[in-house]
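Numbering (the numbering used here), first residue to last: 718 to 1068. C-beta: ideal position from N, C-alpha, C; glycine also. In this text the structure is predicted, and so the values were computed from the model without any measurement.
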Ligand SMILES: Nc1ncnc2c1ncn2[C@@H]1O[C@H](COP(=O)(O)OP(=O)(O)OP(=O)(O)O)[C@@H](O)[C@H]1O
Ligand SMILES: [Mg+2]
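What follows is the structure, given as structure tokens:
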């Protein structure tokens, strides 16, 4: 009689989506040879987003040495809770993903990939990364539990001198030093491009002792900031639903109720009481909560409200839009365009 194999349906944890070269290449859209560039691009994007958020002219320092790649900024400093969430590979964490706006960050994914890269580069031994902010250093040792097929992260904190901004160091294992050395030309090209695209940026680069300082050409340069209100016109109904759902879930987690008026008021052009009143009256939701914890259990109703809320908010903004300039299409910087497509388009002939 033929021997039969009774196949088991093995479960593979999605947590390993960040833990192999193949998966990380899929997540970043780049082969391992480009990872130094991915680290530079994602680290500087985050630094610029954070500084612009806080209305601070950005000063970014990039150091590449035997310790790895370090990117420091003078922004508000990444909160400890955000660092902890970054290490939770069950969730994405982003202050940008749910909003429709021209920020660089858009997925809540990049820091996770950066933290996992040293592990993969080490050939599956140990990857290290540190994040310093608010007088605290977060030490991250990344390994994989091969039996349970999930990341096994050792995380501890210690006091640090850095009180201003954030410093992220992605360890670069000796084993992969040739990848780092070969990326030198393109790495330096990419980080210098940021100075062209951001005239208010003070940039300092230290590549194994080879130092380059770039002063800002216009420190008063102003542009749309992540802290500026977003326009209801930017949200198709499904993105409005996404924002409402993210807001409701966040409020539910934090035990907070929010009125529809508070939700409507956050959009550009809808801060005046008169306009909010018009929107709320059209919705028959004058004193309604966006979603109380009771309604949180009734998701369907919440979705209907989201669609209607979007339609009326856009209508209310039409009158104003006809009087003023429609928002101009935003200048899409190279770095934003790269991110939006989820792919760093690096010109092969550079560097
Ligand atoms: N240098 C920094 N200073 C302050 N906050 C930061 C910094 N870097 C990251 N953060 C916070 O950590 C969050 C996660 O960063 P991450 O790069 O993973 O995602 P993102 O920038 O939102 O989206 P994307 O994956 O598209 O880059 C950010 O949304 C931001 O709130
Ligand atoms: Mg980012």
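- request: Return the chain-ordered list of same chain residues with a C-beta closer than 8 Å to the C-beta of residue 1039, the five sequence neighbours on each side being excluded.
  value: Residue 1039 sits at position 322 when you count from the first residue of the chain shown. The predicted position of residue 1039 is uncertain, since its pLDDT is 46 and thus under 50; a value taken from the coordinates is nonetheless stated next. Around residue 1039: no qualifying Cβ.
field: Beta-carbon contacts of residue 848 that lie in its chain and below 6 Å, excluding the five residues immediately before and after
entry: Position 131 of the chain shown holds residue 848. Non-local beta-carbon contacts of residue 848 in its own chain, meaning distances under 6 Å to residues more than five positions away in sequence, involve 800, 855, 885 in chain order.
query: residue 926: which of 755, 738, 784, 963 sits nearest, CA to CA?
result: Looking up residue 926 in the chain shown gives position 209. Nearest of 755, 738, 784, 963 to residue 926, Cα basis: 784.
Quiz: which residues have CB nearer than 5 Å to ligand 1 non-hydrogen atoms: So the residues near ligand 1 by this Cβ test are 763, 764, 767, 792, 795, 799, 811, 812, 813, 822, 823, 824, 825, 826, 827, 828, 883.
field: Inter-residue spacing [alpha-carbon to alpha-carbon] between residue 891 and residue 836
entry: As a first step, residue 891 must be located in the chain shown, where it is residue number 174. As a first step, residue 836 must be located in the chain shown, where it is residue number 119. Distance between the alpha carbons of residue 891 and residue 836 is about 12 Å.
query: Relative to the alpha-carbon of residue 820, which residue among 975, 961, 947 has its alpha-carbon at the smallest distance?
result: Here residue 820 refers to the residue found at position 103 of the chain shown. With distances taken between Cα atoms, residue 820 lies closest to 947.
message: Check this for me: beta carbons of residue 736 and residue 861, under 8 Å apart or not?
response: In the chain shown, residue 736 corresponds to position 19, counting from 1. In the chain shown, residue 861 corresponds to position 144, counting from 1. Cβ atoms of residue 736 and residue 861: closer than 8 Å.
- prompt: Are the region 959-975 and the region 988-1002 in contact at 8 Å, needing three or more beta carbon pairs?
  reply: no
message: Here's the rule: buried if 16 or more other CB atoms are within 10 angstroms of the residue's CB, otherwise exposed. What is residue 805?
response: Locating residue 805 in the chain shown gives position 88, counting from the first residue. Exposed, because fewer than 16 other Cβ atoms sit within 10 Å of the Cβ of residue 805.
message: Are there any heavy atoms of ligand 2 lying less than 7 Å away from the beta-carbon of residue 769, as far as the coordinates show?
response: Indexing the chain shown from 1 puts residue 769 at position 52. Every heavy atom of ligand 2 is 7 Å or more from the Cβ of residue 769, so no.
- request: Between the Cα of residue 807 and those of 952, 982, 868, spot the shortest distance and give me the residue it belongs to.
  value: Within the chain shown, numbered from 1, the residue matching residue 807 stands at position 90. Here the closest residue by C-alpha is 868.
message: Just verifying my parser: in three-state terms, what is the DSSP assignment at residue 934?
response: Position 217 of the chain shown, counted from the first residue, corresponds to residue 934. Reduced to three states, the DSSP call for residue 934 is coil.
task: Would you kindly work out how many angstroms separate the C-alpha atoms of residue 907 and residue 752, rounded to a whole number?
output: Indexing the chain shown from 1 puts residue 907 at position 190. Indexing the chain shown from 1 puts residue 752 at position 35. Distance between the alpha carbons of residue 907 and residue 752 is about 13 Å.
query: Between residue 916 and residue 938, which are expected to be in contact by the criterion C-beta below 8 Å, what is the C-beta distance as a whole number of angstroms?
result: What you label residue 916 is simply residue 199 of the chain shown in a count that begins at 1. What you label residue 938 is simply residue 221 of the chain shown in a count that begins at 1. Residue 916 to residue 938, Cβ: 5 Å. Contact.
message: Is it buried or exposed, residue 964, if we count other Cβ atoms within 10 angstroms and call 16 or more buried?
response: On the chain shown, residue 964 is found 247 positions in, with the first residue counted as 1. Buried, by the Cβ-count rule.
- prompt: Are the Cβ atoms of residue 790 and residue 882 separated by less than 8 Å?
  reply: Here residue 790 refers to the residue found at position 73 of the chain shown. Here residue 882 refers to the residue found at position 165 of the chain shown. In contact: residue 790 and residue 882 (Cβ atoms closer than 8 Å).
message: Let's test the definition: count the other Cβ atoms within 10 Å of the Cβ of residue 878 and tell me whether it reaches 16, buried, or not, exposed.
response: As a first step, residue 878 must be located in the chain shown, where it is residue number 161. Per the 10 Å Cβ criterion, exposed.
message: Going by the DSSP bridge assignment, what does residue 853 pair with across the sheet?
response: The residue given as residue 853 occupies position 136 in the chain shown. Beta-bridge pairing links residue 853 to 850, 876.
message: Using the three-state DSSP reduction, which class does residue 735 fall into: helix, strand or coil?
response: The residue labelled residue 735 in the question sits at position 18 within the chain shown. Correct three-state label for residue 735: helix.
- prompt: For residue 774, which three-state DSSP category applies?
  reply: As a first step, residue 774 is located in the chain shown; it is residue number 57 there, counting from the start. If DSSP states are grouped into helix, strand and coil, residue 774 belongs with coil.
task: Alpha carbon to alpha carbon, how far is residue 944 from residue 1072? Give it in angstroms, no decimals.
output: What the structure shows of the chain is the stretch from 718 to 1068, and residue 1072 is not part of that stretch, so it cannot be assessed.
task: Could you say which of 929, 765, 914, 846 lies nearest to residue 831 if we only look at CA atoms?
output: As a working mapping, residue 831 is identified with position 114 in the chain shown. Ranking the options by Cα distance to residue 831, first place goes to 846.
query: Between the C-alpha atoms of residue 895 and residue 889, what's the straight-line distance to the nearest angstrom?
result: The residue labelled residue 895 in the question sits at position 178 within the chain shown. The residue labelled residue 889 in the question sits at position 172 within the chain shown. Per the coordinates, the alpha-carbon of residue 895 lies some 11 Å from the alpha-carbon of residue 889.
field: DSSP three-state assignment for residue 794, whether helix, strand or coil
entry: Mapped onto the chain shown, residue 794 falls at position 77. Residue 794: coil per DSSP, three-state reduction.
field: Chain-order list of residues whose beta-carbon lies under 6 Å from that of residue 765 (same chain, five-residue window excluded)
entry: Numbered from its first residue, the chain shown carries residue 765 at position 48. Closer than 6 Å at Cβ, skipping near neighbours: 775.
message: Assuming the contact rule is C-beta atoms closer than 8 Å, residue 781 and residue 913 should be a hit. Round their C-beta distance to whole Å, please.
response: For the purposes of this step, residue 781 is taken as the residue at position 64 of the chain shown. For the purposes of this step, residue 913 is taken as the residue at position 196 of the chain shown. In this structure, residue 781 and residue 913 do not form a Cβ contact; the two beta carbons are roughly 20 Å apart against a cut-off of 8 Å.
task: State the Cα-Cα distance for the pair residue 933 and residue 875, rounded to the nearest angstrom.
output: Residue numbering aside, residue 933 sits at position 216 when the chain shown is read from its first letter. Residue numbering aside, residue 875 sits at position 158 when the chain shown is read from its first letter. Those two C-alpha atoms are separated by around 34 Å.
Close Cβ partners of residue 734 (< 7 Å) along its chain, the five nearest in sequence each way excluded: Residue 734 sits at position 17 when you count from the first residue of the chain shown. Closer than 7 Å at Cβ, skipping near neighbours: 740, 744.
For residue 968, the first and last residue of its enclosing alpha helix (DSSP H): Walking along the chain shown from the start, residue 968 turns up at place 251. Looking at the DSSP string, the run of the alpha helix (DSSP H) that includes residue 968 is 954-970.
field: residue 758 versus residue 777 - alpha carbon distance
entry: The residue labelled residue 758 in the question sits at position 41 within the chain shown. The residue labelled residue 777 in the question sits at position 60 within the chain shown. Taking the straight line from one Cα to the other gives about 12 Å.
query: Any chance the CB of residue 748 is under 7 Å from a heavy atom of ligand 2?
result: If you number the chain shown from 1, residue 748 lands on position 31. The answer is no for residue 748.
message: Just verifying my parser: in three-state terms, what is the DSSP assignment at residue 779?
response: The residue labelled residue 779 in the question sits at position 62 within the chain shown. Looking at residue 779 - three-state DSSP - the assignment turns out to be strand.
message: By alpha-carbon positions, which one of 935, 813, 904, 936 ends up nearest to residue 929?
response: Here residue 929 refers to the residue found at position 212 when the chain shown is read from its first residue. Nearest of 935, 813, 904, 936 to residue 929, Cα basis: 904.
- request: From the DSSP output, in three-state form, read off residue 1039 for me.
  value: Here residue 1039 corresponds to residue number 322 of the chain shown, with the count starting at 1. Legend: pLDDT at residue 1039 = 46, less than 50; position of this residue unreliable, value from coordinates given subsequently. Three-state result, residue 1039: helix.
beta-carbon residue 759 near ligand 2 non-hydrogen atom, thresh 7 Å: By one-based count along the chain shown, residue 759 stands at place 42. Yes, Cβ of residue 759 sits closer than 7 Å to a heavy atom of ligand 2.
- request: Give a yes or no on whether the C-beta atoms belonging to residue 993 and residue 987 are separated by under 8 Å.
  value: Locating residue 993 in the chain shown gives position 276, where the first residue counts as 1. Locating residue 987 in the chain shown gives position 270, where the first residue counts as 1. Yes, Cβ-Cβ distance for residue 993 and residue 987 is below 8 Å.
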